[in-house]
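**Q**
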Amino acid sequence: MKTILATAAAAGVALSAPAMAFEPESDQTIKLMQADWTSMLVNTEILNIILSTYGYDVEKVIADDSARYPGFETGDLTMAVETWQTTQDKAFNASVGTGKVLDMGELGPHAREDWWYPAYMADLCPGLPNWEALKSCAEAFSAPETAPKGRYLGAPVSWGGFDEERIEALDLPFEVVHAGTDAAMFAELQSAYERKAPILLWVYTPHWAPSVFEGSFVEFPAYEEACYSDPAWGLNPDKAYDCGKPQGWIKKMAWAEGEKVWPCAYEILRNFTMDGDEVGNLVYKVDVEGQTVEDVAMAWATENEARWREWATCAAN
Amino acid sequence: MADVSPAARQGAPAARPWFGLLVAAGVLLLLIAAPLLPAVWREVPAALRLPLSDWIEGGMNWLARDAAIGGLAFSDVTRALAAAAQWPIEALQVLLAEGWIHGAGFNKVQLVPPLSWLGITLATALLAWRISGRGLAVMTLVAGLYLALFGLWTSAMTTLASVLICVVAALVLGLAIGIRAHRSPGMEPAVRAVMNVMQTVPIFSYLLPTLLLFGYGPSAALFATVVYALPPMVHATVLALRSVPPETLELARMTGCSRRQTLWQVELPVALPRLAIGLNQVVMMTLNMVIIASMIGAGGLGYDVLRALRRLDFGAGFEAGMGIVALAVVLDRLTQAAARNQSIGRRRLWSRRDSLIALALLAVPTALSYLLPALAVWPKGLSLTSAPFWNAAVSFINQNFFDPLEAIRTFMLLNVMNPFRDALAALPWSAAVALLALAGWRLGGWRVGGGIAAMAMFIVITGYWLPATGSVYLTLLAVAGALAVGMPFGIWVSARPRWHQPVQLLLDTLQTLPTLVYLLPAVMLFRNGDFSALIAISSYAVAPAIRYGIAGMAHVPSERVEAAAMSGCSKWQTFVHIRLPAALPTLLLGVNQTVMMALSMLVIAALVGTRELGQEVFTALSQGLPGPGITAGLCVACIALIADALLKSGAARAARHQGEAHA
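Read top to bottom, the protein sequences are chains A and B.
According to full-length UniProt numbering, the first sequence is numbered sequentially starting from 1.
According to full-length UniProt numbering, the second sequence is numbered sequentially starting from 1.
(1) By the criterion of Cβ-Cβ separation under 9 Å, what are the contact partners of A/Gly105 in chain B?
(2) Which residues, in chain order, does the stretch 222 to 240 of chain A contribute to contact with chain B at a C-beta distance below 7 Å?
(3) So, under 8 Å CB-CB, A/Ala222 and A/Cys243 are touching, yes? Tell me the CB distance rounded to an integer number of Å.
(4) Excluding five sequence neighbours on each side, which residues of the same chain lie with their C-beta closer than 8 Å to the C-beta of A/Pro148?
(5) Taking only runs of the beta strand (DSSP E) that begin and end inside the stretch 492 to 564 of chain B, which ones reach a length of at least 3 residues, in chain order?
(6) Is the stretch 638 to 645 of chain B touching the stretch 595 to 606 of chain B in the sense that three or more CB pairs, one from each, lie closer than 8 Å?
(7) Taking the alpha-carbon of B/Pro628 as reference, which of B/Gly59, B/Leu37, B/Ala85 has the nearest alpha-carbon?
(8) Taking the CB atoms as reference points, tell me whether A/Val177 and B/Gly174 lie closer together than 8 Å.
(9) Could you check where the beta strand (DSSP E) with A/Tyr223 kicks off and where it finishes?
(10) For chain A, check one thing: does any of its Cβ atoms lie closer than 8 Å to the Cβ of B/Gly217?
(11) Can you pull the chain B residues whose beta carbon is under 7 Å from the beta carbon of A/Phe141, in chain order?
(12) So, at 6 Å on beta carbons, what are the nonlocal neighbours of B/Arg9 in its own chain, with the 5 sequence-adjacent residues on each side left out?
(13) Would A/Gln34 be called buried (16 or more neighbouring beta carbons within 10 Å of its own) or exposed?
(14) Mind pulling the beta strand (DSSP E) runs of 3 or more residues that sit fully within the stretch 34 to 91 of chain A?
(15) What is the DSSP secondary structure of B/Met187, counted as helix, strand or coil?
(16) Please classify B/Gln399 as buried or exposed, where buried requires at least 16 neighbouring CB atoms within 10 angstroms.
(17) So, does the CB of B/Ser539 fall closer than 8 Å to a CB anywhere in chain A?
(18) Go ahead and pull the three-state DSSP assignment for A/Pro118.
(19) Can you name, in chain order, every residue of its own chain whose Cβ lies under 6 Å from the Cβ of A/Ser95, other than the five neighbours on each side?
(20) Could you tell me the distance, in whole angstroms, from the CA atom of A/Ala226 to the CA atom of A/His110?
(21) Can B/Phe531 be considered in contact with the ligand FAD, in the sense that its beta carbon sits closer than 7 Å to one or more heavy atoms?
(22) Is the stretch 340 to 352 of chain B touching the stretch 301 to 314 of chain B, taking contact as three or more C-beta pairs under 8 Å?
(23) Please identify the residue among A/Ile62, A/Leu134, A/Gly248 whose C-alpha is closest to the C-alpha of A/Asp171.
(24) For B/Thr200, name the three-state secondary structure that DSSP assigns.
(25) Considering only C-alpha positions, which residue in the set B/Ile56, B/Met198, B/Gly299, B/Arg498 is nearest to B/Ala161?
(26) Does any residue of chain B bring its CB to less than 8 Å from the CB of A/Ala11?
(27) Are three or more beta carbon pairs between the stretch 523 to 532 of chain B and the stretch 318 to 338 of chain B nearer than 8 Å?
(28) Using 8 Å as the limit for Cβ to Cβ distance, is A/Thr53 near chain B?
(29) Since B/Leu602 and B/Ser471 should fall inside the 8 Å C-beta cutoff, what is the C-beta to C-beta distance between them, to a whole number of angstroms?
(30) Quick one: give me the first and last residue of the beta strand (DSSP E) that A/Gly258 is part of.
(31) Taking 8 Å as the threshold, find out whether the stretch 606 to 621 of chain B comes into contact with the stretch 151 to 158 of chain A through three or more Cβ pairs.
(32) Between the Cα of B/Val523 and the Cα atoms of B/Gly278, B/Asp66, B/Leu287, B/Leu607, which residue gives the shortest distance?
(33) Along the chain, where does the beta strand (DSSP E) containing B/Leu438 start, and where does it finish?
(34) Are the C-beta atoms of B/Ser395 and some chain A residue less than 8 Å apart?
(35) Checking 8 Å against the spacing of the C-beta atoms, do A/Ala254 and A/Thr78 come in under that value?
(36) Determine, for B/Asn528, whether the minimum Cβ-Cβ distance to residues of chain A falls below 8 Å.
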């Protein structure tokens with residue numbers, strides 16, 4: 001019974017598959033790295049759908065954002081669709097510098113992260129979003145253990161970000177409290193938002209939070225490379241970091257050797273681009289509407305078939 | 001009554017209260033005199049620091065990239081191992097979770113569905129009924145239905161597949177090492193030392209080396225889990241073999257058994273009940289690891305928990321977490337029942353006919369699932385969920401009770417936690433090391449004292465002294481909280497047998513429900529920082545406090561209690577003068593276990609922003625630096641081993657005094 005059904009199903013596959021002349025260059029497994037934030041999950045699943053539609057053997061491998069580099073250098077991981085300049089700039093460039101990892105170009109969305117406050121705080125601190133307002137209304141942001149200084153909820157220590165240095169350089173009456181994880185950080189935001197309580201914290205986009213919670217980024221003096229490296233730059237002549245955080249690209253990366261194994265798959269990855277709002281929308285569907293990553297990715301692939309078939313012209317004949 | 005207690009007092013040398021006072025006076029003196037000490041003795045001088053973490057870093061990189069044994073790269077060997085381990089996991093996953101799938105992307109077709117949830121649930125319930133009884137069978141059915149109807153089945157089976165392989169691997173390896181250690185007594189202390197370190201080094205600190213050597217994916221998770229779950233199996237094997245009566249071995253020798261025959265046909269069968277206890281521990285510890293394993297590619301329920309919490313869907317996280325608890329409880333009760341049957345000699349509970357019925361139970365729903373897909377995967381539209389309720393509850397508490405909770409938090413932080421933290425950090429390292437060594441020497445002799453001094457110095461020279469004081473502060477406060485709640489509760493429950501079963505279930509839930517599930521709601525109510533961490537650590541460490549509270553009271557010899565009753569003691573007098581002293585050694589072991597549990601939670605507590613060794617380990621992991629991760633992890637192990645040495649010597653002393661008092 002089972003065998004008959006299996007054979008029938010296999011025959012069905014053969015019949016229903018479009019007459020594809022394309023044969024993948026290799027039957028080796030392409031390993032797509034996925035970390036745990038939503039935009040990467042959806043984008044990776046979309047790439048998975050595209051590559052496997054053309055017959056590539058694809059596997060999704062879960063790996064930590066910062067712990068990925070040894071994997072890419074040895075070929076344990078083949079492709080990643082998202083590497084954020086805001087946190088990974090140095091490590092990414094160092095890894096590309098080894099020659100074992102390829103920079104596959106920008107994905108498209110613009111990454112931003114900085115100090116952020118909910119809209120209702122604008123009433124308590126009218127000068128916002130200008131950063132200088134923080135000097136006079138730090139107390140509105142204070143907690144019992146930091147009063148009279150304000151409390152700023154920073155990202156996990158491992159993310160870096162130079163907030164202690166920024167506070168000192170700009171002479172802000174604030175104390176940094178580090179959240180342990182991303183989730184813990186947004187848990188506190190949700191808690192405060194529900195009670196309309198004061199909060200000032202690190203937020204990044206593309207992320208679901210800015211689409212659910214109303215608020216804005218604090219506008220610091222715009223980042224330039226010299227701000228971080230040269231104390232003389234900016235308002236404070238003696239200290240670096242007297243500016244906001246770098247904004248920047250989200251890049252795709254890949255294991256260098258793999259270019260020889262699957263040249264066409266690498267071309268598809270290079271052509272793979274998304275629009276910032278588009279990604280925000282996909283993330284919203286998963287995180288706020290509660291759809292599964294697979295359903296959201298498949299819906300995107302069905303709607304945009306012409307577009308991704310164009311990315312894969314090398315596989316078209 | 002009156003003739004028992006003075007005897008106990010005579011048995012205890014007058015040295016004990018004197019010693020306690022001395023230690024208290026010493027600490028006080030140190031705090032006052034600290035600023036007078038020369039700086040070198042207060043803060044660890046740079047010249048004393050050993051660049052151990054750099055060496056480990058270099059060693060790891062060499063091992064992962066360049067090491068070779070006779071032309072065969074070391075990393076190739078580990079990769080081959082990983083590939084070999086991957087195969088059975090994948091096979092089980094096809095069978096239980098995914099079925100056989102052809103093609104992918106737009107061309108994905110499922111050729112054969114996985115075993116039906118209904119079939120697996122019914123077959124397991126049949127097994128439970130045969131080896132235990134109706135109670136366990138009903139529990140199995142409830143667990144299976146919960147997983148299926150709440151839409152957790154596929155994830156649960158992915159988790160089960162890797163858990164089963166981990167358990168088998170830890171069992172086989174643990175047996176092999178344990179047998180080896182038992183046979184060559186010279187090796188046994190070394191094995192025990194290695195196992196103790198393995199058990200106390202936080203998992204996060206060897207996650208990265210595991211990734212370097214075994215690559216990403218389920219097999220790396222498998223190796224990390226086995227390292228964590230192996231020690232109890234080894235300990236249990238050594239203990240079990242040692243407990244085989246010498247007469248039995250003598251008999252085997254006289255009947256001409258070879259060494260191999262003696263092992264397989266005499267020793268292991270006799271030791272089976274105790275071995276089963278080890279197996280039980282392995283099962284629980286493996287399920288403990290599910291969340292962390294999912295961080296490095298094991299997927300399954302642990303991944304569901306992480307994903308749900310990332311979008312702050314506490315309810316969905318709680319449901320997936322309870323799925324892990326359901327798996328743990330069923331597996332635990334099944335292995336316990338099997339062990340009990342072995343020890344009381346109940347055999348032949350499972351007939352050939354049962355095998356046939358079980359096969360039919362598996363095959364029929366699976367075959368039917370071709371026609372009725374709901375038997376393969378319960379339709380999403382019909383899934384139950386309680387998530388909105390839990391989310392609303394958290395949100396309600398947050399909006400209505402935040403202010404009183406905030407007042408408690410602020411009070412604790414400003415008046416208890418911060419002053420204690422600062423006091424510990426201000427202790428000069430030299431004096432603290434000397435004090436610890438003195439305590440070890442008084443309680444357990446010069447060897448214990450020397451060992452403690454060496455381990456404390458390890459923390460000093462690796463440069464982690466300050467974060468280590470942070471760990472000690474959090475652990476001590478959490479242990480104090482857990483003991484204050486857990487021990488009295490356990491003692492209270494021990495006198496009420498009817499409560500035993502529900503409390504048991506509560507304890508299993510506390511130990512296997514992933515901490516993150518209640519850590520994040522705690523953050524909403526208590527913000528990021530030490531107070532949330534303290535609550536998370538305490539609620540995890542309270543389980544052993546309760547368990548040993550119950551066990552301590554249960555082991556009080558009944559004749560002593562009766563004697564006290566006859567001599568007219570009140571209930572309270574009996575408790576204070578008879579029960580409590582008799583239970584003291586067990587209670588002290590309970591304190592020991594509570595400390596161990598609290599220490600093992602430090603790394604998880606780092607997820608809400610603590611500043612101590614756990615955070616060092618966690619940060620090293622997320623920055624991809626194996627050196628600092630392992631070194632800080634070894635420092636946590638040192639703290640654990642120091643606490644263990646002090647408490648075990650203390651317990652041994654208490655037990656000796658008990659013995660003397662009644663000799």
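Cβ coordinates follow ideal geometry from the N, Cα and C atoms, glycine included.
Since the model is a prediction, treat every value here as computed from it, not as a measurement.
**A** With the given structure in hand:
(1) Neighbours of A/Gly105 on chain B: none; closest Cβ ~22 Å, over 9 Å.
(2) Along the stretch 222 to 240 of chain A, there is no position whose C-beta sits under 7 Å from a C-beta of chain B.
(3) 7 Å
(4) Ala138, Glu139, Ser142, Pro173
(5) none
(6) yes
(7) B/Gly59
(8) no
(9) Note, A/Tyr223: premise wrong, no beta strand (DSSP E); not H, not E.
(10) yes
(11) Here the premise fails: no neighbours, minimum Cβ distance about 13 Å.
(12) Since pLDDT at B/Arg9 reaches only 38, below the 50 mark, its modelled position is unreliable, and the value read off the structure follows with that caveat. Excluding positions up to five away in sequence, the list is empty.
(13) Under this definition A/Gln34 is a buried residue.
(14) 57 to 62, 79 to 84
(15) coil
(16) exposed
(17) no
(18) strand
(19) Tyr69, Val101
(20) Using only the alpha carbons, I get a separation of about 21 Å.
(21) What this structure holds is no ligand at all, so the ligand FAD is not there to describe.
(22) Flag = no, the stretch 340 to 352 of chain B and the stretch 301 to 314 of chain B do not touch.
(23) A/Leu134
(24) Of the three classes helix, strand and coil, the one that applies to B/Thr200 here is helix, per DSSP.
(25) B/Gly299
(26) Any reading at A/Ala11 needs caution, since the residue's pLDDT is 43, under 50, leaving its predicted position unreliable; the model's value is listed next. With 8 Å as the cut-off, A/Ala11 does not count as an interface residue toward chain B.
(27) no
(28) At least one chain B Cβ lies under 8 Å of A/Thr53.
(29) B/Leu602 to B/Ser471, Cβ: 6 Å. Contact.
(30) Counting along the chain, A/Gly258 falls outside any beta strand (DSSP E), though it belongs to the alpha helix (DSSP H) covering 258 to 261.
(31) yes
(32) B/Leu607
(33) That residue, B/Leu438, is in no beta strand (DSSP E); its alpha helix (DSSP H) goes 429 to 444.
(34) yes
(35) yes
(36) yes
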